[in-house]
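**Q** Following this message is one structure expressed as structure tokens.
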Amino acid sequence: WSSDVCSSDLFPSHDNGVQVIIEDDVTINNNFYILADGSTIKISSNTVIGANFQAMTINGHGLKFENRMRRDKAAAISIGKGVWIGSNVTILKGATIGDYCVVGAGLKIPSHFKSLDSRIIDFDSTAIKVKPIDNFGPN
Numbered sequence: 058w059s060s061d062v063c064s065s066d067l068f069p070s071h072d073n074g075v076q077v078i079i080e081d082d083v084t085i086n087n088n089f090y091i092l093a094d095g096s097t098i099k100i101s102s103n104t105v106i107g108a109n110f111q112a113m114t115i116n117g118h119g120l121k122f123e124n125r126m127r128r129d130k131a132a133a134i135s136i137g138k139g140v141w142i143g144s145n146v147t148i149l150k151g152a153t154i155g156d157y158c159v160v161g162a163g164l165k166i167p168s169h170f171k172s173l174d175s176r177i178i179d180f181d182s183t184a185i186k187v188k189p190i191d192n193f194g195p196n
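Numbering follows my numbering, with no gaps: position 73 of the sequence shown is 130.
In structure tokens form, the structure reads like this:
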């Protein structure tokens, strides 16, 4: 899916403020899932997203039996401009990816994660690591 080809009618705005905002020159590869339930998802301009991408403004239902029929509280997702998101990435409610970041393939970006601009977001055997892009040198 590419924002310069599709109509904005694909993601209509509702009276309750729930929106999916996809700015100009955004490319999203095959098999994406975007759930803006109770909040907003914004994908800023010049962003490239790999296959099997997911973004969800809610985590679902409670774990305790008595809470399973109630949805949890929603929180907005913001993806900055010029971001590159690898394949099989899931971004959960409340996360913010700064401008010009690169998100490694296969990551789950947790709720309330906030990245600064121009960072590599990747995973090692223990945790998500965030490093300045400058540390990686030229390709």
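Ideal placement from N, C-alpha and C gives every residue a C-beta, glycine not left out.
Within its chain, find whatever has a CB closer than 6 angstroms to the CB of residue 140; leave out the 5 residues flanking it on each side and keep chain order.
**A** So the qualifying residues of the chain are 104, 154, 158.
**Q** Should residue 172 and residue 151 be called a contact, given that it needs their Cβ atoms to be closer than 8 angstroms?
**A** Not in contact: residue 172 and residue 151 (Cβ atoms no closer than 8 angstroms).
**Q** Contact defined as beta carbons within less than 8 angstroms: I believe residue 98 pairs with residue 77. What is the distance between those atoms, to the nearest angstrom?
**A** Going by Cβ atoms, the distance from residue 98 to residue 77 rounds to 5 angstroms, so yes, they are a contact pair.
**Q** Within the same chain, show all residues whose beta-carbon is closer than 6 angstroms to that of residue 88, passing over the 5 residues directly before and after it, in chain order.
**A** 108, 109.
**Q** Give the straight-line distance between the Cα atoms of residue 80 and residue 102, rounded to the nearest whole angstrom.
**A** Rounded to whole angstroms, residue 80 to residue 102 spans 5 angstroms at the Cα level.
**Q** Relative to the alpha-carbon of residue 165, which residue among 116, 121, 156 has its alpha-carbon at the smallest distance?
**A** If we check each option's Cα against that of residue 165, 116 comes out closest.
**Q** For residue 135, tell me which candidate among 179, 114, 186, 162 has the shortest Cα-Cα distance.
**A** Among 179, 114, 186, 162, the Cα nearest to that of residue 135 belongs to 114.
**Q** Excluding five sequence neighbours on each side, which residues of the same chain lie with their C-beta closer than 6 angstroms to the C-beta of residue 93?
**A** Contacts found: 75, 77, 114.
**Q** Do the CB positions of residue 179 and residue 137 come within less than 8 angstroms of each other?
**A** Going by C-beta atoms, residue 179 is not nearer than 8 angstroms to residue 137.
**Q** Give me the Cα-Cα distance between residue 118 and residue 90, rounded to the nearest whole angstrom.
**A** Their Cα atoms are separated by approximately 18 angstroms.
**Q** Reducing DSSP to helix, strand and coil, say where residue 59 ends up.
**A** With a pLDDT of 46 at residue 59, under the threshold of 50, the predicted position of this residue should be treated as unreliable, and no value is reported.
**Q** Hey, residue 106 and residue 86: beta-carbon distance below 8 angstroms or not?
**A** Against a cut-off of 8 angstroms, the Cβ pair of residue 86 and residue 106 comes out as a contact.
**Q** When burial is assigned at 16 or more other CB atoms within 10 Å of the CB, is residue 149 buried or exposed?
**A** With 16 or more Cβ atoms within 10 Å of its Cβ, residue 149 is classed as buried.
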